[in-house]
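Notes follow the structure.
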Amino acid sequence: MDSSLLKTLFHSDPESPAADTAAPFSARIAGAVPWLLLVGFAAVLFLLFGERFDSGLPVKVETIVTTKSQSAAVGTEQIGPTEGLAVDLWSEPVSFQASGWIEPGPYPIQVSALVDGFIEEVLVLEGESVKRGQVIARLLREDFELDLATAQGELDSARAEAEANEKAILAVDARIATRRKEVRAGRLKLLELEDRRDRLVDVSEGAVSAEEVRQSELRVQTFRGELDALEISAVELESERARLVAMRAAYQAKIRSGETELARRQLALDRTEIRAPVDGVVMRLFAVPGRKRMMSTDDIDSSTIATLYQPDRLQVRIDVPLGEAAAVFPGQAVRIRSDFLPGEMILGTVSHRTGEADLQRNTLQVKVLLKEPDSRLRPEMLCRAEFLQSPRGSEAQAGERSGRVIFYVPVRALFDLEGAEARVWVVDRDGERIESRALTLGSEERGGYRFVTAGLQPGDRVVLDPTAELTEGTRIEPITEGSHAPEGTTEAP
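My numbering puts the first residue of the sequence shown at 29, with every later residue one more than the last.
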């Protein structure tokens with residue numbers, strides 16, 4: 029566009045002919061802008077909230093029936109006790125089903141480095157079987173070898189000092205013995221000198237000169253001084269011996285300390301080889317060559333080398349809906365199935381229930397101990413658990429199972445029915461859309477309601493007489509039909 033045209037559009041003279049032509053056109057554009065904005069705004073509103081104006085497909089819905097069982101076995105007749113009769117726990121009817129995961133029982137075994145250091149080599153792989161005492165990994169050991177050599181040198185030095193002290197004690201003992209002999213000999217000689225002096229004194233005057241008497245007295249005094257010096261020297265030697273004996277205890281203590289330090293350094297060196305504490309299978313490795321392992325950190329896995337599990341001690345952790353959890357009891361028989369072992373059934377018994385429920389999932393975890401687990405099973409494999417009813421006649425177990433919450437669904441809501449499997453359309457929490465739900469059915473049917481062992485939660489609403497036009501997420505307009513408890517049951521409050 030040239031400059032003359034721009035001037036015509038934006039700087040035109042209102043009195044010129046061009047201005048007369050452009051003015052109506054600009055006015056029309058200015059008048060159309062609000063309408064265009066309004067249409068765009070309406071389009072955005074329709075895209076965002078248009079489905080709100082769609083009432084949805086009208087369908088009949090009904091709330092499932094939630095009841096409490098009045099006996100130990102749903103749909104079975106209670107009979108008398110069967111004391112003395114052999115009962116196969118795993119041939120009883122299924123009470124309910126739930127999903128779970130295989131895990132080590134009762135917990136995984138953590139193999140940790142007991143000294144700080146860098147990993148030199150890892151000798152196993154995940155999934156590999158190990159034996160008790162087998163080396164799993166090694167740390168760099170040069171520093172530990174130097175520490176051990178230092179401790180050995182300090183111990184040798186302490187032992188040498190103790191040995192030198194013992195030799196010094198022996199030398200002092202020899203000197204003390206010699207000094208004692210010298211003292212005894214000196215005392216005898218002193219007696220001899222004193223006797224000679226006394227004889228000279230007793231001789232009559234004139235026979236011995238006074239000078240000889242004085243010389244004899246001086247010899248006695250001089251030798252007495254020498255004898256006193258010998259006795260003092262003997263006492264000093266005794267004191268020296270006592271000091272050396274006292275040092276013997278200190279040297280022995282130093283040796284014991286050195287031996288302890290040497291043992292500690294040897295233990296640290298031995299711990300650079302991380303060994304398996306039990307026979308098992310490596311579940312997870314936390315170590316690679318060159319990685320540092322430390323004990324004094326906030327990371328709980330900072331010293332972990334691997335976790336092991338024992339293939340003959342596996343269990344299943346199962347998320348049981350709270351409506352079913354009340355019926356679970358220790359020792360209850362459970363059948364386990366896994367897609368990893370199609371067609372095979374694993375037997376187990378309930379060991380315990382965990383101490384805390386899952387608020388988000390509305391479930392309680394139950395631990396099932398496997399009786400003879402297949403060696404091919406691995407932790408975290410998904411599985412399906414069938415909790416079996418108590419053997420008829422077991423009054424104690426029947427008492428624990430009474431009052432369990434069970435579900436019935438209208439037969440009119442079922443589709444894709446194949447044996448004990450079927451599907452229903454369940455209304456979502458907002459009450460506006462539907463979702464498909466797979467159910468596991470029991471054999472009991474009462475007054476148009478089918479017993480459900482798995483797949484429903486209390487308060488679920490299902491679509492009656494489903495048609496082919498229903499699909500996952502279809503928007504619906506629910507038309508509620510009243511529900512009633514099947515004949516022979518009491519609706520739960």
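For each residue, glycine too, the CB sits at the ideal point set by N, CA and C.
Worksheet item: Is the Cβ-Cβ distance between K395 and R345 less than 8 Å?
Response: It is a contact, given that the beta carbons lie within the stated cut-off.
Worksheet item: Are V158 and A304 close, meaning C-beta to C-beta below 8 Å?
Response: A contact, by the Cβ cut-off of 8 Å.
Discussion item. Suppose the cutoff is 6 Å on Cβ atoms and the five residues either side in sequence are ignored; what does the same chain contact list for G533 look like?
Written reply: Absent from the model: residue 533. The displayed extent of the chain is 29 to 521, so no value can be given.
Worksheet item: Which one or two residues does DSSP pair with L216 in a beta bridge?
Response: Secondary-structure assignment with DSSP links L216 through no beta bridge to anything.
Worksheet entry | Euclidean distance between Cα positions of T110 and V433 | Bear in mind that the predicted position of T110 carries a pLDDT of just 37, short of 50, making it unreliable; the figure below should be weighed with that in mind. T110 and V433: Cα-Cα distance of roughly 26 Å.
Worksheet item: What residues in its chain sit with their C-beta under 7 Å from that of L174, if we drop five residues either side in the sequence?
Response: Cβ neighbours of L174 beyond the five flanking positions: none.
Worksheet item: Taking just the CA atoms, how far does L498 sit from G459?
Response: In this structure, the CA atom of G459 is about 15 Å from the CA atom of L498.
Worksheet item: Which residues in the same chain have their Cβ closer than 7 Å to the Cβ of P453, if we skip the five residues on either side of it in sequence?
Response: Per the sequence shown, the amino acid found at residue 453 is Trp instead of Pro. Once the five neighbours on either side are set aside, the close Cβ partners of W453 are I462, S464, V490, V491, P494, L498.
Worksheet item: Which residues bound the beta strand (DSSP E) around K395?
Response: Note, K395: beta strand (DSSP E), 391 to 398.
Worksheet item: Rounded to whole angstroms, how far is the Cβ of S261 from the Cβ of R208, which I believe are closer than 8 Å?
Response: Not really, about 10 Å apart at Cβ, beyond 8 Å.
Discussion item. I'd like the list of long-range same chain contacts for V316, defined as Cβ closer than 6 Å, with 5 residues on each side in sequence excluded.
Written reply: Excluding residues within five positions, none has a Cβ falling inside 6 Å.
Practice prompt. Give the straight-line distance between the Cα atoms of I204 and G214, rounded to the nearest whole angstrom.
Written response: Taken atom to atom, the span from the alpha-carbon of I204 to that of G214 is near 15 Å.
Discussion item. Here's the rule: buried if 16 or more other CB atoms are within 10 angstroms of the residue's CB, otherwise exposed. What is A355?
Written reply: Burial call: buried.
Fill in: Expected contact under 8 Å - CB spacing of L297 and F172 to nearest Å
Taking 8 Å as the upper bound for CB-CB distance, L297 and F172 are in contact here, some 4 Å apart.
Worksheet item: Who are the near neighbours of R225 in its chain, counting only those whose CB is closer than 6 Å to its CB and skipping five residues on each side?
Response: So the list reads S244, E245, V248, once near-sequence residues are dropped.
Worksheet item: Where T178 and T288 are concerned, what is the direct C-alpha to C-alpha distance, given to the nearest angstrom?
Response: Between the alpha carbons of T178 and T288 lies a distance of about 13 Å.
Worksheet item: In chain order, what residues of the same chain have a beta carbon less than 6 Å from the beta carbon of A186, not counting five sequence neighbours either side?
Response: K282, I283, G286, listed in sequence order.
Worksheet item: If we ignore side chains and look at the alpha-carbon of each, how far apart do F314 and R293 end up?
Response: So the alpha carbons of these two residues sit roughly 26 Å apart.
Worksheet item: Residue ranges of each beta strand (DSSP E) run of no fewer than 3 residues wholly in the stretch 345 to 384, ordered along the chain?
Response: Complete beta strand (DSSP E) runs here, min 3: 361 to 365.
Worksheet item: In terms of residue numbering, what span does the alpha helix (DSSP H) encompassing V273 cover?
Response: Where V273 is concerned, the enclosing alpha helix (DSSP H) stretches over 238 to 298.
Worksheet item: How would you label A361, buried or exposed, when you count the other beta carbons within 10 angstroms and need 16 or more for buried?
Response: Flag for A361 reads buried.
Worksheet item: According to the neighbour-count rule (16 or more other Cβ atoms, all chains shown, within 10 Å of its Cβ), is S324 buried or exposed?
Response: Result: exposed.
Fill in: First and last residue of the uninterrupted beta strand (DSSP E) at G308
For G308, the enclosing beta strand (DSSP E) begins and ends at 308 to 313.
Worksheet item: Going by alpha carbons, who is nearest to P134 out of E259, T382, D223?
Response: Here the closest residue by C-alpha is T382.
Practice prompt. Would you mind listing the alpha helix (DSSP H) stretches within the stretch 130 to 214 that are 4+ residues and don't spill past its ends, in chain order?
Written response: Runs of alpha helix (DSSP H) with 4 or more residues, each lying fully within the stretch 130 to 214, are absent.
Practice prompt. Would you decide whether L216 is buried or exposed? Buried here means 16 or more other CB atoms lie within 10 Å of its CB.
Written response: Burial check for L216: the Cβ neighbour count within 10 Å stays below 16, so the residue is exposed.
Worksheet item: If we ignore side chains and look at the alpha-carbon of each, how far apart do L445 and E473 end up?
Response: Distance between the alpha carbons of L445 and E473: 14 Å.
Worksheet entry | Element boundaries [beta strand (DSSP E), containing T502] | Here T502 belongs to no beta strand (DSSP E), and DSSP marks it neither H nor E.
Worksheet item: Can the beta-carbon of A126 be found less than 8 Å from the beta-carbon of A466?
Response: No.
Worksheet entry | DSSP three-state assignment for L65, whether helix, strand or coil | Looking at L65 - three-state DSSP - the assignment turns out to be helix.
Practice prompt. Consult DSSP for L405 and reduce its assignment to one of helix, strand or coil.
Written response: Three-state DSSP puts L405 in coil, outside helix and strand.
Worksheet entry | Contact set for V211: own chain, Cβ-Cβ below 8 Å, skip 5 residues either direction | Exclusion of the five residues before and after V211 leaves L255, L258, E259, A262 as the residues of its chain whose Cβ lies within less than 8 Å of its Cβ.
Discussion item. By the DSSP assignment, the beta strand (DSSP E) with A450 in it spans what residues?
Written reply: Taken as a continuous stretch (DSSP letters only), the beta strand (DSSP E) holding A450 covers 449 to 455.
Worksheet item: Anyone know if the C-beta pair for A141 and S379 falls short of 8 Å?
Response: Their beta carbons are not under 8 Å apart, which means A141 does not touch S379 by this criterion.
Fill in: Among D201, T95, E154, L410, the one whose alpha carbon lies nearest that of L336
Of the residues D201, T95, E154, L410, the one whose Cα lies closest to the Cα of L336 is E154.
Fill in: E423 classed as buried or exposed, judged by whether at least 16 other C-beta atoms fall within 10 angstroms
Confidence at E423 is low in this model, with a pLDDT of 38, below 50, so the placement of that residue should be treated as unreliable; the coordinate-derived value is given next. E423 comes out exposed.
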